[in-house]
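Residue 309 is where the sequence shown ends in numbering that gives the first Met the number 0, and the numbering goes up by one at each step.
A virtual CB, placed ideally from N, CA and C, is assigned to each residue, including glycine.
Just so you know, these numbers come straight off a predicted model, no measurement behind them.
Heads up: the structure comes next, in structure tokens.
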Amino acid sequence: MQPEAVTDKTILITGGAGFIGSHLASTLVSDNDVRVLDNLSTGHRSNVPDGATFFEGTLLDEDTLAIASDGVDLIFHEAALVSVQRSVEDPLTSHEINTRGTLNLLEAARKADARVVLASSAAIYGQPEHVPISEGDPKSPTSPYGLDKLTIDHYARQYHDLYGLETVALRYFNAYGPGQTAGDYSGVISIFCDQAERNEPVTVHGDGKQTRDFVYIDDLVQANLRAATTDAVGTAYNIGTGTSVTVRELAEVIIEVTDSHSEVTHTDGRNGDIRHSEADITAARTDLEYEPSVSLREGLKRTAEWIRKE
Ligand code: UD2
């Protein structure tokens, strides 16, 4: 079933020049008044669709945030310092942007009485005791980034319970798709596609038997649209596919779909790497009627094609 249409709303998208936020902005801009707030640290001005109003700044920029959020009905909060590695190197900056910035945003939402759909992360679970992971499973983040996301995930629920704000937290598993560029937060799929397109060795960390639940951008957009209209607010949902693949298999499928001559090589395992990750998406299926629709193979084809054109 298609998500209920989001129309005639004034919408703020934080991080709207980045990977997930810009896809949301493009989807919503024709039927809504869309505003984008982004500091362009990793996003690009060119990702902001025509017709959206652009504000340059961070969530710590309270004056800009006040103007951008004035009178909005709905906020999609995608802005974050998303590098796990960087949060390990600089926990204070991660805290400022990810936690403090989100608190500023929730305060702005309280003033505007706007619904907030906010990006949480599978990073809040840390090393899971078993897979698939359900929302109620233990949370033991292994990075400052994961701890910041856990904090804001709780704040979202608290703002609902204390102030009646309509909030929904979406715990993204491994997001991928066109628009996710290489950089210090490059997901493995963009790295492998890039290597395969260049016919360079595809670098699997460790034995490659670690597993991940890769969720395609269109399904993340779908989850956000459903969260924007659901009655089931004040809670958090896992957003993945409910399936997983080993990193070694992923490398092989990418080489196949790109018709690449690359070989797979194994490098040292990554320190602190999560061994297995897979979302239990029963709650999102039941409450949001969320249903992942893009298979890994199809998603990889589309991503590789975009990387080739880039
Ligand atoms: C993802 C998210 C992170 C957090 C976490 C939750 C990304 C980029 N990161 O971390 O923010 O939400 O999930 O658990 O989406 N790998 C290789 N070769 C490479 C690069 C990576 O083998 O060149 C492996 C890596 O060791 C890991 C897997 O691929 O086992 C996925 O790595 P990732 O960096 O894409 O994402 P992950 O799961 O560490």
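> DSSP on I306, reduced to helix/strand/coil?
Replying inline: helix
> Quick one: what does DSSP say D32 is sitting in, helix, strand or coil?
Replying inline: strand
> Taking Cβ to Cβ, would you say V28 is nearer than 8 angstroms to G50?
Replying inline: yes
> From the beta carbon of I273, is the nearest beta carbon of chain D less than 8 angstroms away?
Replying inline: The structure shown has no chain D; it contains just one protein chain.
>> Suppose the cutoff is 8 angstroms on Cβ atoms and the five residues either side in sequence are ignored; what does the same chain contact list for Q179 look like?
In response: F18, S185, G186, I188, S189, I216 and T302
> On the three-state DSSP scale, how would you describe H22?
Replying inline: helix
> Is S120 near the ligand UD2, with its Cβ less than 7 angstroms from a heavy atom?
Replying inline: yes
> Is any heavy atom in the ligand UD2 found nearer than 7 angstroms to the beta carbon of N173?
Replying inline: Correct: N173 has its Cβ closer than 7 angstroms to the ligand UD2.
> Where does the unbroken alpha helix (DSSP H) through F53 begin, and where does it stop?
Replying inline: Counting along the chain, no alpha helix (DSSP H) covers F53; the unbroken beta strand (DSSP E) around it starts and ends at T52 to E55.
>> S86 and P143 - do their beta-carbons sit closer together than 8 angstroms?
In response: yes
> Shortest alpha-carbon distance to H204 belongs to which of H43, L249, D267 and D60?
Replying inline: D267
>> Quick check on G298: does DSSP put it in helix, strand or coil?
In response: helix
>> Assuming contact is defined by CB atoms lying nearer than 8 angstroms, are G56 and G14 in contact in what I supplied?
In response: no
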